[in-house]
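S.K.: Heads up: the protein sequence lines correspond to chains A and B, in order. To convert, note that position 188 of the first sequence is 277 in our numbering; the numbers rise steadily by one, no gaps. To convert, note that position 181 of the second sequence is 211 in our numbering; the numbers rise steadily by one, no gaps. For glycine and all other residues, C-beta sits at the position ideal for the given N, C-alpha and C.
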Amino acid sequence: MFYREAGDFKVSYSQDSQTFPIRFDRYRYYVVLAVAFGVVPFLINDYWANAILLPFLIYAIAAIGLNILTGYCGQVSLGTGGFMAVGAYACYKLMTAFPDVSMFIHVLLAGGITAVVGVLFGLPSLRIKGFYLAVATLAAQFFLVWLFNRVPWFYNYSASGQINSPERDVFGIIITGPNAPAWATYLFCLIFLSICALIARNLTRGTVGRTWMAIRDMDIAAEIIGVNPLKAKLSAFAVSSFFVGISGALFFAIYLGAVEVGEVFGIQKSFLVLFMVIIGGLGSIFGSFAGAAFLVLLPVVLKVVGADMLGWPTDIVAHLQLVIVGALIILFLILEPHGLAQLWRVAKEKLRLWPFPH
Amino acid sequence: MSEQLVYAMEVILNGLMAGVLYALVALGFVLIFKASGIFNYAQGVMALFAAMTLVGIMNGQVPFSHLINAIFGSHITQFGWQVPAVIAILLTMAVMVLLAWCVQQFVMRHLVNQEPIILFMATIGLAYFLEGVADLMWGSEIKSLDVGLPQGINLWIDETTLNIFGYGFFIDNLDIVATIVAALLVIALVAFSQYTKQGRAMRAVADDHQAALSVGISLNFIWVMVWSVAGFVALVAGIMWGTKSGVQFSLSLIALKALPVLMLGGFTSIPGAIVGGLIIGVGEKLFEFAIGPLVGGATENWFAYVLALIFLVFRPQGLFGEKIIERV
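#1: Whole-angstrom Cβ separation of residue 171/A and residue 234/A, contact assumed at under 8 Å?
#2: So is residue 122/A buried or exposed if we call it buried at 16+ other beta carbons inside 10 Å?
#3: For residue 178/B, which option in 270/B, 139/B and 313/B has the closest C-alpha, if you only look at C-alpha atoms?
#4: With distances taken Cα to Cα, identify the nearest neighbour of residue 142/A among 227/A, 207/A, 180/A and 343/A.
#5: Anything in chain B within Cβ reach of residue 404/A, meaning under 7 Å, just list it in chain order.
#6: Report the rounded CA-to-CA distance for residue 288/B versus residue 435/A, giving the unit in angstroms.
#7: Taking the alpha carbon of residue 173/A as the reference point, which residue from 291/A, 245/A and 154/A has its own alpha carbon closest?
#8: Quick one: what does DSSP say residue 238/A is sitting in, helix, strand or coil?
#9: What did DSSP end up calling residue 193/B once you bin it into helix, strand or coil?
#10: Exposed or buried, what is residue 105/B when buried is set at 16 or more other beta-carbons lying within 10 Å of its beta-carbon?
#11: Should residue 160/B be flagged as near chain A, meaning a C-beta pair shorter than 9 Å?
#12: Please state whether the Cβ-Cβ distance between residue 328/A and residue 289/A is less than 9 Å.
#13: Taking residue 288/B as part of the alpha helix (DSSP H), name the residues at either end of that continuous run.
#14: Is DSSP giving residue 291/A helix, strand or coil here?
#15: Check the DSSP bridge columns for residue 202/B and list the partner residues they point to.
#16: Can you list, in chain order, the residues of its chain with a C-beta nearer than 6 Å to that of residue 371/A? Leave out the 5 residues immediately preceding and following it.
#17: Does any CB atom of chain B fall closer than 9 Å to the CB of residue 326/A?
#18: Listing by chain order, which chain B residues have their CB less than 7 Å from the CB of residue 231/A?
#19: Start and end of the alpha helix (DSSP H) containing residue 408/A?
#20: Look at residue 18/B and residue 75/B and say whether their C-beta atoms are less than 9 Å apart.
#21: At 4 residues or longer, and completely inside the region 94-159 of chain B: list those alpha helix (DSSP H) runs for me, N to C.
#22: Does DSSP put residue 11/B in a helix, a strand or coil?
#23: Report the residue from 282/B, 219/B, 246/B and 233/B whose alpha carbon sits nearest the alpha carbon of residue 82/B.
#24: Determine whether the Cβ of residue 318/B lies closer than 9 Å to any Cβ atom of chain A.
#25: Determine, for residue 135/B, whether the minimum Cβ-Cβ distance to residues of chain A falls below 9 Å.
#26: If you draw a straight line from the alpha carbon of residue 298/B to that of residue 151/A, how long is it in whole angstroms?
#27: What does residue 165/A touch in chain B if you count any residue whose Cβ is under 7 Å from its own?
#28: For chain B, check one thing: does any of its Cβ atoms lie closer than 9 Å to the Cβ of residue 45/A?
#29: Note down, one range per segment and in chain order, each alpha helix (DSSP H) of at least 4 residues found wholly within the region 292-351 of chain A.
#30: Return the CA-CA distance between residue 352/B and residue 304/A, expressed in angstroms with no decimal places.
#31: State the start and end residues of the unbroken alpha helix (DSSP H) segment that holds residue 159/A.
#32: Leaving out five residues on either side along the sequence, give the residues of the same chain with a beta carbon under 6 Å from the beta carbon of residue 48/B.
#33: For chain B, is any of its Cβ atoms less than 9 Å away from the one on residue 235/A?
#34: Would you tell me roughly how many angstroms separate the C-alpha atoms of residue 318/B and residue 232/A, rounded to the nearest one?
#35: Would you kindly check if the distance between the Cβ of residue 108/B and the Cβ of residue 134/B is under 9 Å?
#36: Just how far apart, CA to CA, sit residue 428/A and residue 361/A?
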């Protein structure tokens with residue numbers, strides 16, 4: 090009834106090629122943005138920010154990044170945790186070396202540094218494919234975590250081996266450290282997420298995205314029709330690592346504040362982000378959001394239901410959580426291999442015809 | 031003979047032993063990959079699950095006791111009996127077969143014809159699921175496992191080497207047992223796949239699912255069998271690693287150790303898994319011995335991966351893997 094393209098005429102090329110061609114989609118997008126920027130910051134408190142909103146925003150950036158590499162370009166990566174660590178440590182080094190420079194620039198630079206590292210570890214993808222590549226990216230994961238653990242220069246020779254984010258402000262508002270107000274940290278992450286999502290959305294429907302998808306669908310055929318695999322694969326690694334680096338920097342500087350690399354950016358983190366991408370839907374920006382939201386909310390909901398309402402011991406709830414996450418992943422793969430995004434697409438198809446299906 | 035060289039020889043020997051243990055885990059991967067094209071990430075967790083089940087049965091623990099106690103407020107933990115190791119191992123094997131059947135019935139059967147990467151993800155989900163179930167069933171605390179395998183320094187080798195080099199090598203009895211067991215296991219597996227009816231059926235399925243189906247081989251049965259055999263290998267690996275370093279969560283991480291072994295040896299080759307395991311075992315011990323102190327140690331975490339990565343750049347299918355031929 091309300092969701093349809095009938096009567097939505099395009100009279101110019103720019104209208105025809107806009108990001109959301111259907112009017113309802115466009116309005117929904119504006120409403121979501123307006124609520125996220127204009128309403129949520131006034132309602133937010135510390136619990137909501139730290140338990141749900143910040144992790145969601147940050148993981149969504151990481152999931153978009155990994156989705157570009159795995160979902161759009163078909164290169165499975167298990168090194169996300171390692172690349173997030175690169176972002177975090179790059180941000181830390183920049184923050185401590187240049188205290189007066191704006192955090193925006195630090196986070197962006199951290200993303201840039203991660204992109205370089207990502208390209209470096211992406212080089213083998215030109216020779217190695219499939220599982221072999223997935224395992225090869227584990228080399229990045231273990232090597233990077235080891236590097237940040239063992240080379241004191243990276244954690245500024247601190248005695249604990251941890252990195253702690255010093256207090257920094259943007260336009261006079263503190264956004265890192267324990268004194269940062271919840272709304273400021275939220276807005277800071279939200280700005281990055283919006284920009285990343287916008288870039289990703291537009292990259293994936295342009296030339297670059299199409300070459301990625303050609304490589305994903307069949308790399309040899311893509312090569313024959315003139316796609317340069319070197320450029321396509323390495324650009325996917327670069328863009329993906331850029332996003333993952335940003336999310337790692339935010340995860341450290343804004344969300345946690347103190348990081349022990351093996352614990353925070355270990356292999357579990359790589360799998361978590363990969364699960365977000367799978368559950369959300371490979372090759373879908375919306376899916377990255379949905380997957381991140383799902384896996385951030387699930388433990389919170391389980392904890393509230395299991396530990397607070399039923400009063401079970403927390404270790405049992407934690408084990409149950411493993412069982413449920415595992416079962417859900419299998420269930421999703423069996424029922425809907427294309428994830429939450431596909432469910433949303435099916436729902437939209439239904440909505441287009443509703444309430445007059447004939 | 032110089033002292034350094036003798037040390038290096040000891041390191042190499044220990045590396046070979048460790049490599050055998052890696053190969054043991056890698057074998058499970060290769061079996062499933064060959065027969066069904068599934069890259070089974072859950073192999074390490076299966077080893078953990080098997081070891082925990084074995085300990086639980088031997089100690090007469092009540093399965094899911096924590097969960098039952100939490101729901102009903104009861105306080106049961108033990109049946110109050112001890113089960114001898116041999117019977118417990120047989121019972122655990124039965125559990126692993128049951129697990130194989132469940133995996134086939136509830137997971138893999140529904141994922142036939144999906145892309146390999148989807149199957150891989152499913153096994154990661156399975157790994158999480160199994161880990162949670164194992165913890166719920168038997169509790170997550172560290173347990174010690176003793177099925178009567180010899181442990182401690184091997185005095186004979188110590189004495190012999192002391193006489194020859196003037197320095198006694200430290201070789202663990204358990205490692206020697208593990209080496210022998212791994213060798214026997216490989217021989218048994220090769221014999222099984224070459225000379226028995228089921229083994230031939232398994233190879234046929236590995237070659238071509240549809241062709242195997244058309245000559246009357248039951249895919250379902252073969253896959254349950256393959257997962258059972260992988261469960262058996264996991265049990266053996268679980269016993270070895272569990273005796274060595276206790277039954278705990280980190281046991282499941284040996285799967286990660288086995289991955290570079292697989293890459294090096296090739297996913298489809300049983301001898302490859304053995305040779306790859308030995309190369310990785312010796313390589314990482316030697317590297318840690320020679321370069322480790324210079325760069326801060328603990329290089330074992332990543333050396334195997336980087337070695338495999340560099341190796342793959344020159345030979346993408348691994349040492350013994352089938353040549354990759356691609357067509358459009």
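M.R.: Let's see:
#1: Counted from its first residue, the first sequence places residue 171/A at position 82. Counted from its first residue, the first sequence places residue 234/A at position 145. So it is a contact: roughly 6 Å between Cβ atoms.
#2: By 1-based counting over the first sequence, the position of residue 122/A is 33. With fewer than 16 Cβ atoms within 10 Å of its Cβ, residue 122/A is classed as exposed.
#3: Here residue 178/B refers to the residue found at position 148 of the second sequence. Answer by Cα proximity: 270/B.
#4: The residue given as residue 142/A occupies position 53 in the first sequence. Looking at the Cα atoms, 343/A is the closest of the given residues.
#5: Along the first sequence, read from residue 1 onward, the residue named residue 404/A stands at position 315. Ordered by position in chain B, the residues that pass the 7 Å Cβ test against residue 404/A are 170.
#6: Position 258 of the second sequence, counted from the first residue, corresponds to residue 288/B. Position 346 of the first sequence, counted from the first residue, corresponds to residue 435/A. If you take the alpha carbons of residue 288/B and residue 435/A, they lie about 41 Å apart.
#7: Counted from its first residue, the first sequence places residue 173/A at position 84. The residue with the shortest Cα to Cα distance from residue 173/A is 154/A.
#8: Here residue 238/A corresponds to residue number 149 of the first sequence, with the count starting at 1. Residue 238/A falls in the helix class under three-state DSSP.
#9: Within the second sequence, residue 193/B is the residue found at index 163, counting from 1. Reduced to three states, the DSSP call for residue 193/B is helix.
#10: The residue you call residue 105/B lines up with position 75 of the second sequence. Exposed, because fewer than 16 other Cβ atoms sit within 10 Å of the Cβ of residue 105/B.
#11: Reading the second sequence from its first residue, position 130 is the one you call residue 160/B. It does: the Cβ of residue 160/B has a partner Cβ on chain A nearer than 9 Å.
#12: Position 239 of the first sequence, counting from 1, holds the residue named residue 328/A. Position 200 of the first sequence, counting from 1, holds the residue named residue 289/A. It is a contact, given that the beta carbons lie within the stated cut-off.
#13: Stepping through the second sequence from its first residue, residue 288/B is reached at position 258. Looking at the DSSP string, the run of the alpha helix (DSSP H) that includes residue 288/B is 284-295.
#14: Your numbering for residue 291/A matches position 202 in the first sequence. The answer is helix: DSSP assigns residue 291/A an H, G or I state.
#15: Walking along the second sequence from the start, residue 202/B turns up at place 172. Answer is 183/B.
#16: By one-based count along the first sequence, residue 371/A stands at place 282. Taken in chain order, the residues that qualify are 160.
#17: Taking the first sequence and counting its residues from 1, the one referred to as residue 326/A is at position 237. Chain B contact via Cβ: absent.
#18: Mapped onto the first sequence, residue 231/A falls at position 142. Under the 7 Å cutoff, chain B gives 331, 332 and 335.
#19: Numbered from its first residue, the first sequence carries residue 408/A at position 319. Counting along the chain, the alpha helix (DSSP H) containing residue 408/A begins and ends at 403-424.
#20: Residue numbering for chain B in the displayed model covers 31 to 358; residue 18/B lies beyond these limits and cannot be assessed.
#21: 95-102 and 115-132
#22: With chain B represented from 31 up to 358, any question about residue 11/B goes unanswered, as that position is not in the structure.
#23: Position 52 of the second sequence, counting from 1, holds the residue named residue 82/B. Out of 282/B, 219/B, 246/B and 233/B, 282/B has the C-alpha closest to the C-alpha of residue 82/B.
#24: As a working note, residue 318/B is residue 288 in the second sequence. It does not: the Cβ of residue 318/B has no partner Cβ on chain A nearer than 9 Å.
#25: Position 105 of the second sequence, counting from 1, holds the residue named residue 135/B. Among the CB atoms of chain A, none fall inside 9 Å of the CB of residue 135/B.
#26: As a position in the second sequence, residue 298/B is number 268, starting the count at 1. As a position in the first sequence, residue 151/A is number 62, starting the count at 1. Going from the Cα of residue 298/B to the Cα of residue 151/A covers about 34 Å.
#27: Counted from its first residue, the first sequence places residue 165/A at position 76. Chain B residues near residue 165/A: 147.
#28: With chain A covering 90 to 447 only, the question about residue 45/A has no answer from this structure.
#29: 296-306, 308-313 and 318-339
#30: Within the second sequence, the letter at position 322 stands for residue 352/B. Within the first sequence, the letter at position 215 stands for residue 304/A. Residue 352/B and residue 304/A have their alpha carbons spaced roughly 23 Å apart.
#31: Taking the first residue of the first sequence as 1, we reach residue 159/A at position 70. Looking at the DSSP string, residue 159/A is not in any alpha helix (DSSP H), and its letter there is neither H nor E.
#32: If you number the second sequence from 1, residue 48/B lands on position 18. Only 311 meet the Cβ criterion.
#33: Counting from one through the first sequence, the residue named residue 235/A turns up at place 146. Judged by the 9 Å Cβ criterion, residue 235/A is in contact with chain B.
#34: Within the second sequence, numbered from 1, the residue matching residue 318/B stands at position 288. Within the first sequence, numbered from 1, the residue matching residue 232/A stands at position 143. Roughly 14 Å separates the two Cα atoms.
#35: For the purposes of this step, residue 134/B is identified with residue 104 of the second sequence, where counting begins at 1. For the purposes of this step, residue 108/B is identified with residue 78 of the second sequence, where counting begins at 1. Against a cut-off of 9 Å, the Cβ pair of residue 108/B and residue 134/B comes out as no contact.
#36: Along the first sequence, one-based indexing puts residue 428/A at 339. Along the first sequence, one-based indexing puts residue 361/A at 272. In this structure, the CA atom of residue 428/A is about 15 Å from the CA atom of residue 361/A.
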